[in-house]
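Student: The sequence shown begins at 0 in the numbering used here and counts up one residue at a time. Ideal Cβ placement from N, Cα and C applies to all residues, glycine included.
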Amino acid sequence: MSATDPGLDLRYNVEFTSPDVVIGKKFSWSQMPVKLRHNSCAVAGCTTAGQNAVLRGVQFWQKNATLYGEIQTTYGEPPDVEIVYENSLGGNVIGICKAKLAYNSATRQYYVLTPLTLSIATTVQGLPINERDTEFVAAHEMGHCLGLWDHSPKDGDLMNAYLTSKTTYSARDINSIRWLYSHNSDLPTYPASALASQNAFAEGAITVTSPPLLTP
Ligand SMILES: [Zn+2]
């Protein structure tokens, strides 16, 4: 165990677990700060307080993981991650981070296409979501979008799959992202908008959806 590896007991797995072509690989942003675009909520169930809670949530990583630099909320083009609101994400899902992968046949390399989409629901099964839960979900999904792709098995970690009785974030969350950003990424990022001029890229991208955060 090196100084940059806190060990699996103090962090969790950050690698992709699907699809097959990228299992065991990881991605992290190499260009800082991560450009994050917040699209104002325009669906049923929007509130100003809810949107502010989302912004507080995504800023969690800016405040607590200075290792990789500052995250800014920007409306400029092109973003790395785009926040969108939906009235419902189906079932008991509150948030989800979606990425697409493309394959470059020339380099035999898979790429994570930007922007990633961070979706937040304004309702779950027709009911509003309180500010605390919304903030937590936004931080959780931003963790996925930053490269913490798998879930922690431990309740009490931000990256646990279920929204239960959490009130704080854990040291394991910080250790995990520090570990990720202290290692070279297996999957580079590439802007989706640039694909049209890159014939070496496969036409059909593979959609990868992070495990969503669920209500119990
Ligand atoms: Zn999740």
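May I ask you to list the residues that DSSP assigns as paired with Tyr-84?
Tutor: As a first step, residue 84 must be located in the sequence shown, where it is residue number 85. Looking at the DSSP assignment, Tyr-84 forms a beta bridge with Ile-119.
Student: Thinking C-beta only, is Leu-157 closer than 8 Å to Gly-146?
Tutor: Along the sequence shown, one-based indexing puts residue 146 at 147. Along the sequence shown, one-based indexing puts residue 157 at 158. Their beta carbons are not under 8 Å apart, which means Gly-146 does not touch Leu-157 by this criterion.
Student: Ser-192 by DSSP, collapsed to three states: which one?
Tutor: As a working mapping, residue 192 is identified with position 193 in the sequence shown. Helix, per DSSP.
Student: Classify Thr-126: buried if its beta carbon has 16 or more other beta carbons within 10 angstroms, exposed otherwise.
Tutor: Indexing the sequence shown from 1 puts residue 126 at position 127. Per the sequence shown, residue 126 should be read as Leu rather than Thr. Result: exposed.
Student: Identify which residue in Arg-10, Ser-17, Val-13 has its Cα closest to the Cα of Val-207.
Tutor: Taking the sequence shown and counting its residues from 1, one reaches residue 207 at position 208. The candidate whose alpha carbon is nearest that of Val-207 is Ser-17.
Student: Between the Cα of Phe-26 and the Cα atoms of Tyr-84, Ile-70, Ile-128, Tyr-180, which residue gives the shortest distance?
Tutor: As a working mapping, residue 26 is identified with position 27 in the sequence shown. Cα-wise, what sits closest to Phe-26 is Tyr-180.
Student: Classify Tyr-74: buried if its beta carbon has 16 or more other beta carbons within 10 angstroms, exposed otherwise.
Tutor: If you number the sequence shown from 1, residue 74 lands on position 75. Per the 10 Å Cβ criterion, exposed.
Student: Start and end of the beta strand (DSSP E) containing Cys-45?
Tutor: Taking the sequence shown and counting its residues from 1, the one referred to as residue 45 is at position 46. That residue, Cys-45, is in no beta strand (DSSP E); it is neither H nor E in DSSP.
Student: Assuming Leu-179 is part of the alpha helix (DSSP H), what are its boundary residues?
Tutor: Counting from one through the sequence shown, the residue named residue 179 turns up at place 180. Counting along the chain, the alpha helix (DSSP H) containing Leu-179 begins and ends at 170 to 180.
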